[in-house]
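Numbering (this note's numbering), first residue to last: 242 to 1172. Positions of the beta carbon are idealized from the N, C-alpha and C atoms, including for glycine. As the structure is a computational prediction, the values presented were derived from the model and not from experiment. Accompanying notes for the structure given below.
See below:
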């Protein structure tokens, strides 16, 4: 049943807090060295040496929580002992805080024209910090040592940490999974297993210290705290990533004004400039460690730098478990996909290089190419423009040889190979993803664990029961969302129209440039006029692509926020789809035009077709396939080169400038504090652009691979650099991102699957290549292809010849009157038949491979079924001991079982089997299903 949210219950969805005006004495200023939980009436507070800070919302009219007694009970249990200040990392080297907020203050005394805005920001900031204090966070405000002497600005740092009771409460509220029992790490690699079986030394394998173990895990419940592994140590029970997730959840939901007006959350404050940055601290400094140092003294960050983010490790496996422990599943899955995709590019690059080398040999042995180069003045070609002169076909010998590099029989085989390669790549990635999701215990994250977005929760007009958990959650009507999505689609279509307009402009530019260059007195420039126009047009097209991409990404973010998606995953999927549809048209419009439209609507001498008064473009002497290869290399390799240069130089320059500007006042001998050092790093921009770059590259490698067999090789070389480049960015140059959970790569997989369906290259081979005309000629005329060049050239109509007193030839299958010849219609039928047969063969084999390769490995399915059986067995044994309410698919033993019984049931015969979606506490509101 839908229920409209009442105004006074708006804060129930977010963190409900007592307003600062309530006067509960909450203040902030220094981190408490010791604190204790004190119960005062209906409000639980922690006491520090500077006053009281409320651990949880106090009672107020309207009701802050649905069950205040239950909340207080949880807090009393979690905080009944004296609290030790919470810290990140090991007890030997504790960090200062879990999270850092930064803002810069203008110290100028003169009248500031934006003083009103500054005052508003100060009020918002003070309110926000007060509400964080009321939420139970410990706050310590310090000044930056390197900016105190600066007469212009002062940098303020707010160090946040969460007491034990707050961590326990939010861990249960966020349904975080915590370990019950440790297991050996079960990571495996098929190539390592194969090489070990063959007895071949594996140069890719390297021992990485401090390998994270695997665990049986379950959703945290404070009432069963003693059952969780390591619960006796409050400093290390919650890992740094768990603490960051909890604090970011609080920061994302804490209001600084009225929630319905959007005045809540750290993201909005950052957008408004109230705070300059908000980030969790890295795990210690990034200092160089000697090669001989294996374990002692290395932090998690230093281990990643030593064994992952260094350029010398380009030939080693990625330590994905270490990446997941430090950055979370979302980042780890990206690097897992990138490494998997790069490994699969290796056979594609090898085959593509062989096909290209075959083309190199055919250049000097191909009879039609030799006929063209040795034709001398045998073929007098018609002018390329009204004011251009006649030209000899032999002058285009180099272009014809370049076209032969890519247009030969091996290209057909390579197209079939790449179509099947793409299918197998995705099938085996599904298996790899299922294995990682099982090992990392995130197989059902999106269905059960993921919570509504804070922005959605604050602005949703009503609530409704979650169909899976049964809990009331914010709800936005689906019909309203569909209407907004349709409105956003109209904007998308408008932007696509802009891309098409730019494409038309590029076409006109090429035609005009070809005319201008062909009129040159230089014979070389005249012969290469079309190629020069095409090359410069490709560069201009790349510039327009990059500019339009930047504009639409900002527009897509606004549209996606307006559509009101419930979860972060749904929000990211909608945003990704919008941007990719636009980028697909933006990047692929020009190659599609060259492959399927250029040279098709030219006409014939005396009756040429025009576009806006400019004659339509023709394919060069080497054919449009060679020009398509040039376009692909310019766009794909050019974009990758620009991106890599930006990713290397821009962070370095920005980082050096920030460090210089912040340290110039302090001298050279000072060492910044950890939060100051991290503030000097660049903010993490997420994974969207990284995924987009790889998916667009995948499209170039598969959809147009018939035109450029070297595309997989260039992609492989780029990705080898990309892996270590991205690793260095995350470890060395970016502030530490908040760890996010994910069960797969999201909608990117479905986009890749869609690109795979376009990867058969049938139309490209049929209509842009000379393969079928050559086969037809060899079957009907001459098997050695002698005379093929003359076969492809038509003669100018008599009217044109009489007007110029000179005969000429042009590329087309037409008769002397300019009409299509019977050969044209025969070849058209052959081309269409080839498309149908080739596509059906590729799709049939691909479908067969899809059915042949299971999406989930058999070993994982067996483990899942075994765990489900053990869970049911444990439940049945406890039902014999007493009445128990039956919960369908419950997979945790009832509370009467005790920890020993549960651990034995988890062990059983299933050693080495880790908890996945069966081993979770799927419980009702009564909490009748316990661990």
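Those residues which DSSP pairs with residue i across a bridge
i	result
residue 521	340
residue 459	419
residue 472	None, per the DSSP bridge assignment.
residue 380	401
residue 852	855
residue 496	505
residue 923	975
residue 396	345
residue 693	808
residue 1006	Residue 1006 pairs with nothing; no bridge assigned.
residue 1050	622, 1036
residue 1055	1061
residue 845	848
residue 1178	There is simply no residue 1178 to check, as the chain begins at 242 and stops at 1172 in what is shown.
residue 424	455
Given residue i as reference, the closest of the options once Cα atoms are compared
i	options	result
residue 345	383, 632, 368	383
residue 984	1052, 606, 809	809
residue 464	409, 439, 966	409
residue 478	648, 420, 427	420
residue 940	952, 359, 1034	952
residue 520	866, 505, 528, 487	487
residue 1175	394, 551, 474	Past the edges of the chain, shown from 242 to 1172, lies residue 1175, and the structure says nothing about it.
residue 1064	592, 1035, 373	1035
residue 1086	726, 377, 608, 664	664
residue 817	798, 731, 975, 784	798
residue 650	670, 596, 361, 627	596
residue 833	706, 997, 1008, 667	1008
residue 753	851, 783, 424, 882	851
residue 756	748, 762, 770	770
residue 796	735, 878, 750	735
residue 1175	381, 1060, 758, 514	Past the boundaries of the shown model lies residue 1175; the chain is included only from 242 to 1172, so the question cannot be answered.
residue 893	843, 973, 934	973
residue 1060	1076, 846, 1081, 1077	846
residue 454	430, 425, 474	425
residue 584	767, 964, 691, 498	964
residue 789	767, 763, 827, 761	827
residue 466	437, 413, 868	413
Residue i: first and last residue of the uninterrupted alpha helix (DSSP H) it sits in
i	result
residue 713	Per DSSP, residue 713 belongs to no alpha helix (DSSP H); it is in the beta strand (DSSP E), 713-716.
residue 562	561-568
residue 414	405-414
residue 645	638-647
residue 932	929-944
residue 1018	1012-1021
residue 673	650-680
residue 961	952-969
residue 516	First-last for residue 516: undefined, no H or E at that position.
residue 542	541-548
residue 447	Residue 447 -> no alpha helix (DSSP H), and no H or E assigned at all.
Range covered by the beta strand (DSSP E) that runs through residue i
i	result
residue 1036	1034-1036
residue 704	703-706
residue 1072	Element bounds for residue 1072: not the beta strand (DSSP E) but the alpha helix (DSSP H), 1063-1093.
* **Length at least 4, wholly inside the region 739-774: the alpha helix (DSSP H) runs in chain order** => If we require 4 residues or more, the alpha helix (DSSP H) runs fully inside the region 739-774 come out as 764-768.
* With a floor of 3 residues, list each beta strand (DSSP E) that falls wholly inside the region 773-837, ordered by position along the chain. => Assignment of beta strand (DSSP E) within the region 773-837, counting only whole runs of 3 or more residues, yields no such run.
* Pairing CB atoms from the region 626-637 with CB atoms from the region 773-782, are three or more of them under 8 Å? -> No: fewer than three Cβ pairs fall under 8 Å.
* Does the region 656-671 come close enough to the region 939-947 that 3 or more CB-CB pairs lie under 8 Å? -> Taking a cut-off of 8 Å on C-beta distances, the region 939-947 touches the region 656-671, as three or more cross pairs fall below it.
* Asked: If we count Cβ pairs, one from each stretch, closer than 8 Å, do we get three or more for the region 972-987 versus the region 808-823?
  -> Segments in contact, yes.
* Should the region 564-573 be called in touch with the region 969-984, which here means at least 3 C-beta pairs below 8 Å? -> With the cut-off at 8 Å, the region 564-573 and the region 969-984 touch.
* Does the region 613-623 touch the region 1044-1061, meaning 3 or more C-beta pairs lie closer than 8 Å? -> Flag = yes, the region 1044-1061 and the region 613-623 touch.
* Asked: Are three or more beta carbon pairs between the region 436-452 and the region 544-564 nearer than 8 Å?
  -> A contact is defined here as three or more CB-CB pairs under 8 Å, and the region 436-452 meets this definition with respect to the region 544-564.
* Would you be able to state if there are at least three C-beta pairs under 8 Å between the region 1023-1031 and the region 843-857? => Not touching, per the Cβ criterion.
* contact_flag[the region 689-706, the region 791-807] where n(CB pairs < 8 Å) is 3 or more -> Using a Cβ-Cβ distance cut-off of 8 Å, the region 689-706 and the region 791-807 are in contact, since at least three pairs of beta carbons, one from each stretch, lie closer than that value.
* When the Cβ atoms of the region 665-680 are set against those of the region 603-619, are three or more pairs found closer than 8 Å? -> Taking 8 Å as the limit for Cβ pairs, the verdict is that the region 603-619 does not touch the region 665-680.
* Check whether the region 994-1006 touches the region 1064-1077, taking contact to mean three or more Cβ pairs, one atom from each stretch, closer than 8 Å. => By the Cβ criterion, the region 994-1006 is in contact with the region 1064-1077, since at least three pairs of Cβ atoms, one from each stretch, lie closer than 8 Å.
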